[in-house]
Amino acid sequence: MLKQIFQALPLTIASIGLASPIWALPSPNANGNYMPAREYHSTWRVVDPDPAGLNCRTHPIGHPRGDRILARLPAGTRVEAVGRDRDTREIALQNGNPWLNVRLNDGTRCWVRAHRKYVQAIAGVSEVDVANSDPEENYWNARLHQFWRVIDPDPEGLNCRRAPGVDFSVVGKLYKNQTISPSSAYSEPIQIDPQRQPWMAVQVQGKNCFIRAHSFFIEPVP
């Protein structure tokens, strides 16, 4: 089952070009808005100074289905953007203003205004609260080791994806016993997918892609 989750159709890494970097933190525009982007970003922090908290609504203000307030989020709250698919993006425009679709810790999904006054895009994992490996055998700090070895036994290879998450396209393959290093294109090479699982940015043949940061697939080289 684990292999079915993480593996997909084979594709050689030399066959597709990939711009670098592919996973920089989103930045607001000159008006302070975080606009819809091609790349998905999962982790955000509330920075709204209002002591009453940031309103998180059923839909963006002005939506025909209503915009009732479901929660008020205090500054410092960390939220995860709802994962995207073909029909849904984590940032959507309503009356010209961008809104961010987030999932709270209790599972509630709601919308907050995607503006630098209210939210800030942050790296998926902070260097101050990570460990090398957790009880589920995920790796959270790629910087502890310069080199890593692929140990995935699948003869079709380990998928390296365009961005962290199984919904993103496979742009290359890594094979058992191949040695890799965390990508230098990112200040934090570990990024979290919408299911809160860690992925490592690596560089292969000069191209960047993401592999699942789990002990089933990779191990540190002493």
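In terms of mature numbering (1 follows the signal peptide of the UniProt record, and there is no 0), the sequence shown is residues -24 to -1, 1 to 198.
Note that CB positions come from ideal geometry on N, CA and C, so glycine has one too.
Check: Can at least three beta-carbon pairs, one atom from the region 135 to 147 and one from the region 80 to 98, be found at a separation below 8 Å?; Outcome: no
Check: Going by DSSP in three states, R119 sits in which element: helix, strand or coil?; Outcome: helix
Check: Distance check for P131 and C86, CA to CA, integer angstroms please.; Outcome: 42 Å
Check: Using only alpha-carbon positions, find the residue among A57, T53, G8, N9 that is nearest to P170.; Outcome: A57
Check: Where does the unbroken beta strand (DSSP E) through T19 begin, and where does it stop?; Outcome: 19 to 22
Check: Along the chain, where does the beta strand (DSSP E) containing A57 start, and where does it finish?; Outcome: 54 to 57
Check: Between the alpha carbons of N153 and F123, how many angstroms are there, rounded?; Outcome: 12 Å
Check: By the three-class DSSP mapping on this structure, what secondary structure does A139 have?; Outcome: coil
Check: Note the first and the last residue of the continuous beta strand (DSSP E) segment covering I194.; Outcome: 194 to 196
Check: What residue from L49, I37, H17, S18 has the CA that sits closest to P27's CA?; Outcome: L49
Check: Quick one: what's got a C-beta closer than 8 Å to F193's C-beta in the same chain, skipping five residues either side?; Outcome: F(-19), V126, I127, D128, L134, I187
Check: Using 7 Å as the threshold, is the C-beta distance between P165 and S157 below it?; Outcome: no
Check: For the beta strand (DSSP E) holding K183, just list the boundary residues, first then last.; Outcome: 183 to 188
Check: On the DSSP bridge assignment, give the partners of T155 in chain order.; Outcome: R125
Check: In chain order, what residues of the same chain lie with their CB nearer than 7 Å to the CB of S(-10), ignoring the 5 residues before and after it?; Outcome: Note that S(-10) scores 32 on pLDDT, short of 50, meaning its location in the model is unreliable and no value can be drawn from it.
Check: Tell me which residues share the same chain as H17 and place their Cβ nearer than 6 Å to its Cβ, disregarding the 5 neighbours each side in the sequence.; Outcome: P2, A97
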